[in-house]
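Notes to accompany the following structure.
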Amino acid sequence: MRNQSTTLLIIGGGPGGYVAAIRAGQLGIPTIVVEGERLGGTCLNVGCIPSKALIHAAEEFEKVRQYAEGSALGISAGTPAIDIARTVAWKDGIVKRLTGGVGALLKKNGVQVVNGWARIIDGKTVEVIEHGDDEPLRIACQHLLLATGSQAVELPFMPFAGNVVSATEALSPATLPKRMVVVGAGYIGLELGTAYRKLGVAVTVVEAMDRVLPAYDAELVKPVATALKHLGIDVRLNTSVLGLSHDGQAVRVRDAHGDESAIEADRVLVAVGRKPRTEGWGLESLLLDMNGRAVKIDDQCRTSMRNVWAIGDLAGEPMLAHRAMAQGEMVADIIAGKKRHFAPNAMPAVCFTDPEVVVVGLTPPEAEQAGLDCIVASFPFSANGRAMTIESTDGFVRVVARKDNHLIVGWQAVGRGVSELSTAFSQSIEMGALLEDIGGTIHAHPTLGEAVQEAALRALGHALHI
Ligand code: FAD
Ligand code: NAD
């Protein structure tokens, strides 16, 4: 047994763990990160980045396919073809550049990376079997930061195997299926379902609830539902999955009326949520307080055990990379003696469907539930010049502000490219902007951002372009 000691030991090198490590390194805290697979975690290797790469490739392919059918823009093209192996290799290249960059940043900041699976001995000791080494390494630490992330939820009657895949496999297909069933119309189901459809696959999405993206309000997801239909995606709502057919070539489902049927599929993507990764590495031995399946934390990411911290997906919803990173950065600051709390007013959530959806702060129903008397105003992209020039006039920007003092408490948008508006939305809420601040700011013309200003002006009763 080899022994080592450090001030901060981080289990997991995903966005939460690696950002905590970089910040700790900057602050001069001796830090070790233990990573069992690859630096960058779910996000860089099998999540955010590869999914956005595949979505981009699919959009480019779809564009050429549309041009091949004739276009109002005067562009024509031959029938496109796709070599999916090259697409995957291109995506892997981006992942490699980014994960290599994380390794370089950790090194630059003096962080030691241990490649292996960590097992908790107690709140101050972890054992690691390093890859390619039989002798365990025992690391003692003053602070233990848990950042092991999450894993895909499996349907017990249709486990991941063969043609039944999770997002991980769906992001690296060796071949494209002819027909794919996607179980779950949440983030992953709709982002990847849309990409596969644009790559020419016949896609059916099966969702248990009565609308797609049920976490968002109905008005916001309407343009997404319309676009799915337009793309030719078959969406089955209020439908439950029963399992695979005997020959494994179809998915058996039951609709809201109790009628059963089978949907042919040569691949099934199950995207019914993710759960914190709490098993198999000795976490239970710490007897930490839990919040459902997640490790319970306070507003400083402290667990119920002194000097044991938890961040990111392991600590539950919202399971978003930018939340994990923000928590990681904060924990390093606190360990270095700074006074910090995790209490963001704005936690942006973006769904990279076509059109994209952005939610920051409170939606109208949430504001009402919080007992706030609010003004709600929308500005449609059909009245925005830039939206017309990029052929994307569906969708809108919506603002929610307090009636008494005009403080903006929420922004939502749906439309092509609106993910980039999330920055302005978050900043305006964190900086306590009033409707007058946004309405009185000059927004560049022609941009989608003008719809942000116009939504604020409309809430004040004097929008200019509608
Ligand atoms: P993870 O990224 O899961 O990292 C945890 C790391 O810990 C892993 O590398 C794992 O190997 C390691 N580990 C686990 N146990 C041990 C152990 N015992 N010993 C050593 N190492 C261990 N979020 C967004 O904000 N935007 C998006 O666009 C987005 N797209 C996504 C698309 C997909 C397909 C998926 C699946 C997720 C997406 N997410 C997105 C969510 C995002 O990936 C996660 O919220 C984020 O990765 C969480 O970071 P984390 O550091 O908590 O955990
Ligand atoms: P999700 O929670 O977003 O969606 C799961 C969907 O599956 C829900 O609509 C739910 O009603 C449905 N469902 C659950 N059980 C079902 C069943 N048996 N049959 C039919 N439908 C069923 O989960 P996800 O899409 O797997 O994504 C997991 C998490 O990863 C997200 O919650 C998010 O935190 C993260 N993520 C984020 C992004 C992003 O930020 N753009 C992208 C992908 C993933």
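Each residue of the sequence shown is one higher than the last, beginning at 74 in the working numbering.
A virtual CB, placed ideally from N, CA and C, is assigned to each residue, including glycine.
No experiment lies behind these values; they were computed from the predicted model shown.
Would you kindly work out how many angstroms separate the C-alpha atoms of residue i and residue j, rounded to a whole number?
i	j	result
Leu117	Ala291	31 Å
Ala258	Ile193	36 Å
Gln500	Ala506	8 Å
Gln185	Arg396	24 Å
Ala440	Glu242	39 Å
Leu178	Ile95	7 Å
Ala517	Val482	24 Å
Ala247	Ile157	7 Å
Gly101	Ile167	30 Å
Ile408	Ser78	16 Å
Trp163	Asn182	29 Å
Arg350	Ile84	12 Å
Met403	Cys121	22 Å
Leu361	Asn418	28 Å
Lys295	Arg489	14 Å
Gly87	Gly98	16 Å
Met420	Gly434	7 Å
Trp484	Cys424	14 Å
Pro209	Val199	10 Å
Leu23	Thr496	With the chain covering only 74 through 539, there is no way to say anything about residue 23.
Asp510	Glu352	49 Å
Can you tell which of the options has its C-alpha closest to the C-alpha of residue i?
i	options	result
Glu574	Met461, Ser358, Gly346	Here the chain has residues from 74 to 539 only, and residue 574 is not among them.
Thr466	Pro453, Gly262, Lys476	Pro453
Gly401	Leu393, Asp195, Gly385	Gly385
Gln224	Leu480, Leu387, Leu218	Leu387
Asn364	Ala474, Gly389, Ala383	Gly389
Leu494	Val470, Ala268, Asp510, Gly316	Val470
Leu218	Thr248, Arg340, Gly490, Ile370	Ile370
Ala536	Pro519, Asn457, Ala497, Asp372	Asn457
Leu304	Gln139, Gly113, Asp510, Arg75	Gln139
Cys214	Pro438, Asn76, Ala329, Val432	Asn76
Glu44	Gln442, Gly114, Ile155	Nothing can be reported for residue 44, as the shown portion of the chain is limited to 74 through 539.
His319	Thr299, Val106, Glu337	Glu337
Gly89	Gly444, Pro519, Ala405, Ser455	Ala405
Thr160	Gln526, Ala268, Glu527, Gly262	Ala268
Val175	Val187, Asn236, Tyr91, Gly143	Tyr91
Pro103	Lys180, Pro153, Lys271	Lys180
Ile502	Gly513, Asp477, Val472, Ile515	Val472
Lys197	Pro391, Leu359, Val187	Leu359
Val187	Lys169, Ile212, Pro287	Ile212
Spell out the partners DSSP gives residue i in its beta bridges.
i	result
Arg573	With the chain running from 74 to 539 in the structure shown, residue 573 is simply not present.
Pro541	Because the chain spans 74 through 539 in this model, residue 541 falls outside it and cannot be assessed.
Ala329	Its beta-bridge partners do not exist; DSSP assigns none.
Gly316	Arg325
Thr299	Thr299 is not bridged to any residue.
Asn76	Arg211
Glu441	None; Glu441 has no bridge partner.
Thr160	According to DSSP, which records beta bridges pairwise, Thr160 is partnered with nothing at all.
Ser334	Val326
Ala275	Arg252
Ser424	Reading off the sequence shown, one finds Cys at residue 424, where the question assumed Ser. Beta-bridge pairing links Cys424 to Val430.
Trp382	Leu218, Arg375
Arg309	Val279
Determine the DSSP secondary structure at residue i, reduced to helix, strand or coil.
i	result
Ile261	helix
Ala517	coil
Ile83	strand
Lys411	coil
Cys374	coil
Thr115	helix
Leu507	strand
Ile448	strand
Gly483	strand
Thr436	coil
Val137	helix
Asp283	coil
Glu292	helix
Met392	coil
Thr152	coil
Asp165	helix
Glu132	helix
Ala367	strand
Glu52	Shown here, the chain extends from 74 to 539; a query on residue 52 therefore has no answer.
Ile105	strand
State yes or no: is the beta carbon of residue i nearer than 8 Å to at least one beta carbon in chain D?
i	result
Asp156	Among the chains of the structure shown, chain D does not appear; only one protein chain is present.
*Give, in chain order, every unbroken run of the beta strand (DSSP E) that is at least 3 residues long and sits entirely within the stretch 173-244.*
Along the length of the stretch 173-244, whole beta strand (DSSP E) runs at least 3 residues long occupy 185-195, 198-203, 210-219, 223-225, reported in chain order.
_alpha helix (DSSP H) runs contained entirely in the stretch 450-481, provided each spans 4 or more residues_ = List check, alpha helix (DSSP H) in window: 458-462.
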